[in-house]
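*Asks:* Dumping the structure here so I can ask a few things about it.
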Amino acid sequence: MSSPEVQEHYSYRDYLSWPEGERTELIDGVAWAMSPAPRREHQRLVSEFNRQIANALQGHPCEVYPAPFDVKLSSAAEDDHATVVQPDLIVVCDGTKLTDEGMTGAPDLVVEIVSPGSGFHDRGRKYDLYRRHGVREYWIVDPDERVVEVHRLESGRYERIGVFGPEDTLTAESVPAITVTLQDIFPPG
Numbered sequence: 001m002s003s004p005e006v007q008e009h010y011s012y013r014d015y016l017s018w019p020e021g022e023r024t025e026l027i028d029g030v031a032w033a034m035s036p037a038p039r040r041e042h043q044r045l046v047s048e049f050n051r052q053i054a055n056a057l058q059g060h061p062c063e064v065y066p067a068p069f070d071v072k073l074s075s076a077a078e079d080d081h082a083t084v085v086q087p088d089l090i091v092v093c094d095g096t097k098l099t100d101e102g103m104t105g106a107p108d109l110v111v112e113i114v115s116p117g118s119g120f121h122d123r124g125r126k127y128d129l130y131r132r133h134g135v136r137e138y139w140i141v142d143p144d145e146r147v148v149e150v151h152r153l154e155s156g157r158y159e160r161i162g163v164f165g166p167e168d169t170l171t172a173e174s175v176p177a178i179t180v181t182l183q184d185i186f187p188p189g
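Each residue of the sequence shown is one higher than the last, beginning at 1 in the numbering used here.
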C-alpha cells in the first residue's frame with residue numbers, strides 16, 4: 001500500500017485517500033492488503049452465487065453486491081478506527097444502509113470464498129468481525145473442499161448450522177427468498 005507514512009491506525013478518511021486499484025481492507029483501524037487478483041475459480045464461484053442470488057431476489061427489496069463493494073462496519077462516529085471490508089458477496093435488505101460509496105452497517109448475508117492464504121482471515125478475523133457487527137448470516141465457501149459452511153447469528157454468537165456440499169440446496173434464513181443450488185456452484189468435475 002502506498003502511503004506518505006506508515007501508521008499504526010488508519011481512519012476511514014485515510015482509506016478513501018488511498019489510490020484506486022490497491023485492494024485493501026481496514027479492520028479496526030489496521031490496514032490489511034488483499035491479494036491483487038483472485039483465481040479464475042474464485043471469480044467463477046462469485047459469479048454463480050451472484051447469479052443465483054440475484055435471480056432469487058427479483059421482486060424483493062433486498063439487493064446483492066459482489067466485490068469490490070465497500071462495507072463500512074464501524075459507525076459514522078468511529079472515524080478514527082474505521083472498519084471497511086470488501087466481502088466477495090453481500091446481501092442487504094435495508095436500503096437506508098446504502099450509500100454512494102457502498103454501505104454503512106451490517107449486511108444481512110455475507111459470502112466469502114476462501115482463497116489460498118485467506119482461510120485463517122475468513123474463518124478467524126472476519127468471522128469475529130462479522131459477528132461483532134451483527135451480520136446475520138455468514139457463508140464460507142471452500143472451493144478446494146467443495147463445501148459451504150453456514151453460520152447464523154443467534155444471541156450475539158454464530159451458530160454453525162452445517163457444512164453443505166454439491167448435493168445440497170441452501171436457503172438463507174436471514175433472507176428466506178434466497179435458495180442456492182450447490183450442484184450449480186460445484187458442478188461434477
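No residue lacks a Cβ here, since even glycine has one placed at the ideal position from N, Cα and C.
To the nearest angstrom, how far is it from the Cα of G162 to the Cα of T179?
*Replies:* For the purposes of this step, residue 162 is identified with residue 162 of the sequence shown, where counting begins at 1. For the purposes of this step, residue 179 is identified with residue 179 of the sequence shown, where counting begins at 1. G162 and T179: Cα-Cα distance of roughly 16 angstroms.
*Asks:* Using the C-alpha atoms, what's the distance from E167 back to W18?
*Replies:* Residue numbering aside, residue 18 sits at position 18 when the sequence shown is read from its first letter. Residue numbering aside, residue 167 sits at position 167 when the sequence shown is read from its first letter. Their backbone Cα atoms lie some 43 angstroms apart in a straight line.
*Asks:* Looking only at C-alpha atoms, which of G124, R157, E145 and A106 sits nearest to L89?
*Replies:* Locating residue 89 in the sequence shown gives position 89, where the first residue counts as 1. Taking only the C-alpha atoms, the option nearest L89 is A106.
*Asks:* Considering only the alpha carbon of each residue, which of E159, R125 and E20 lies closest to V30?
*Replies:* Reading the sequence shown from its first residue, position 30 is the one you call residue 30. Checking every option, the nearest Cα to that of V30 belongs to R125.
*Asks:* Where does E167 fall in DSSP's three states?
*Replies:* Within the sequence shown, numbered from 1, the residue matching residue 167 stands at position 167. The answer is coil: DSSP assigns E167 none of H, G, I, E or B.
*Asks:* Could you tell me if T99 is buried or exposed, where buried requires 16 or more neighbouring beta carbons within 10 angstroms of its beta carbon?
*Replies:* Taking the sequence shown and counting its residues from 1, the one referred to as residue 99 is at position 99. When all chains shown are included, T99 counts as exposed.
*Asks:* So what does DSSP say about G156, is it helix, strand or coil?
*Replies:* In the sequence shown, the residue the question calls residue 156 occupies position 156. DSSP places G156 in coil when its eight states are reduced to three.
*Asks:* Along the chain, where does the beta strand (DSSP E) containing D128 start, and where does it finish?
*Replies:* Residue 128 sits at position 128 when you count from the first residue of the sequence shown. Premise fails: D128 lies in the alpha helix (DSSP H), K126 to R132, not in any beta strand (DSSP E).
*Asks:* So the candidates are I53, Y15, Q86 and P68; which of them puts its Cα closest to the Cα of Y130?
*Replies:* As a working mapping, residue 130 is identified with position 130 in the sequence shown. Checking every option, the nearest Cα to that of Y130 belongs to Q86.
*Asks:* Sort W139, G165 and V175 by Cα distance to Y158 and report the nearest one.
*Replies:* The sequence position of residue 158 within the sequence shown is 158, counting from 1. Of W139, G165 and V175, the residue nearest in Cα terms is W139.
*Asks:* Could you give the C-beta distance for L57 and V64, rounded to a whole number, given that I count them as a contact under 8 angstroms?
*Replies:* Locating residue 57 in the sequence shown gives position 57, counting from the first residue. Locating residue 64 in the sequence shown gives position 64, counting from the first residue. So it is a contact: roughly 6 angstroms between Cβ atoms.
*Asks:* If you draw a straight line from the C-alpha of G189 to the C-alpha of Q183, how long is it?
*Replies:* Along the sequence shown, read from residue 1 onward, the residue named residue 189 stands at position 189. Along the sequence shown, read from residue 1 onward, the residue named residue 183 stands at position 183. Straight-line Cα distance between these residues: approximately 11 angstroms.
*Asks:* Who are D122's beta bridge partners in DSSP?
*Replies:* Here residue 122 is taken as the residue at index 122 of the sequence shown, counted from 1. D122 is not bridged to any residue.
*Asks:* How close, in whole Å, do the beta carbons of V110 and L26 come, if the pair is a contact with beta carbons under 8 angstroms?
*Replies:* Locating residue 110 in the sequence shown gives position 110, counting from the first residue. Locating residue 26 in the sequence shown gives position 26, counting from the first residue. Not quite, the Cβ-Cβ distance comes to about 16 angstroms (not below 8 angstroms), so this is no contact.
*Asks:* Please list the terminal residues of the continuous beta strand (DSSP E) segment that includes D70.
*Replies:* If you number the sequence shown from 1, residue 70 lands on position 70. Per DSSP, D70 belongs to the beta strand (DSSP E) from D70 to K72.
*Asks:* Report the option in F164, S47 and I53 whose CA atom is closest to the CA atom of E149.
*Replies:* Numbered from its first residue, the sequence shown carries residue 149 at position 149. Of the listed residues, the one whose Cα sits closest to E149 is F164.
*Asks:* Using CA atoms only, rank isn't needed, just tell me which of F69, F186 and L153 is closest to E137.
*Replies:* In the sequence shown, counting from the first residue as 1, residue 137 sits at position 137. Closest by alpha carbon: L153.
*Asks:* Can you tell me whether D94 is helix, strand or coil according to DSSP?
*Replies:* As a first step, residue 94 must be located in the sequence shown, where it is residue number 94. Coil at D94, not helix or strand.
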